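Structure record follows, encoded as structure tokens.
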Amino acid sequence: MEKYRKNLILRISVLSFVVLISAGLGIFNIFGTEENIKKNIIFDFQCGFITVFGLISAILIIRYSKAVKNPDKLKLLFNKENDERLRYIRSKSGMPMILISSVIMILSGTVFGYFNTTVFYTLIVASVFQLIISGILKMIYIKKM
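Position one of the sequence shown corresponds to residue 4 (my numbering), numbered consecutively onward.
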């Protein structure tokens, strides 16, 4: 269990770095960007995406910090992460690869959206559709198994 505690502390450190980067990018987006870029809808999406990414990281930091301090919560989180049934369900719904490909599609849509708005909308809608289908499959497998 001590190895898992060290793993959580490492995760907290990485997530703290992510929160700092997203806060820095948020400050830069407010004060350092030109007005013509701020008028673009893709810029608004980018700001929202960075903010949500930072908030999710902060929530995970709080959850992991509570687990590191409390042995009962640490054991519960360890059991939840290593549950074979949930791992099987995630793999059947394609969760690891779908999540990675959707994040790549969202990031590339944000970057290439400054050049062509149609590409932005297409990549964002396709990635959201992938995540919705994967979530539906996950719910079906949870009820089925």
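Think of the CB as a built atom: it goes at the ideal place given N, C-alpha and C, for glycine as much as any other residue. Please read these numbers as outputs of a predicted model, since none were measured by experiment.
Report all residues from its chain with a CB closer than 7 Å to the CB of residue i; omit the five preceding and five following residues, and keep chain order.
| i | result |
| --- | --- |
| L80 | A70 |
| I92 | K141, Y144, I145, M148 |
| L11 | Y67, A70, V71 |
Please classify residue i as buried or exposed, where buried requires at least 16 other C-beta atoms within 10 Å of its C-beta.
| i | result |
| --- | --- |
| S96 | buried |
| L13 | exposed |
| S16 | exposed |
| I139 | exposed |
| S19 | exposed |
| L58 | exposed |
| M108 | buried |
| G35 | exposed |
| E45 | The sequence given here has Ile at residue 45, not Glu. Buried is the call here. |
| F132 | exposed |
Within the same chain, show all residues whose beta-carbon is closer than 8 Å to that of residue i, passing over the 5 residues directly before and after it, in chain order.
| i | result |
| --- | --- |
| L134 | I101, L102, S105 |
| I53 | S25, L28, G29, N32 |
| L89 | K83 |
Could you tell me the boundaries of the alpha helix (DSSP H) in which residue i lies?
| i | result |
| --- | --- |
| G29 | 5-34 |
| K141 | 120-147 |
| E38 | 38-41 |
Inset, instruction - Would you be able to state if there are at least three C-beta pairs under 8 Å between the region 114-128 and the region 72-79? - result: Under the three-pair Cβ rule at 8 Å, the region 72-79 does not count as touching the region 114-128.
Inset, instruction - Please go through the region 50-109 and give each complete alpha helix (DSSP H) segment of 4 or more residues, from N-terminal end onward. - result: Taken in chain order, the whole alpha helix (DSSP H) runs of length 4 or more contained in the region 50-109 are 74-84, 87-95.
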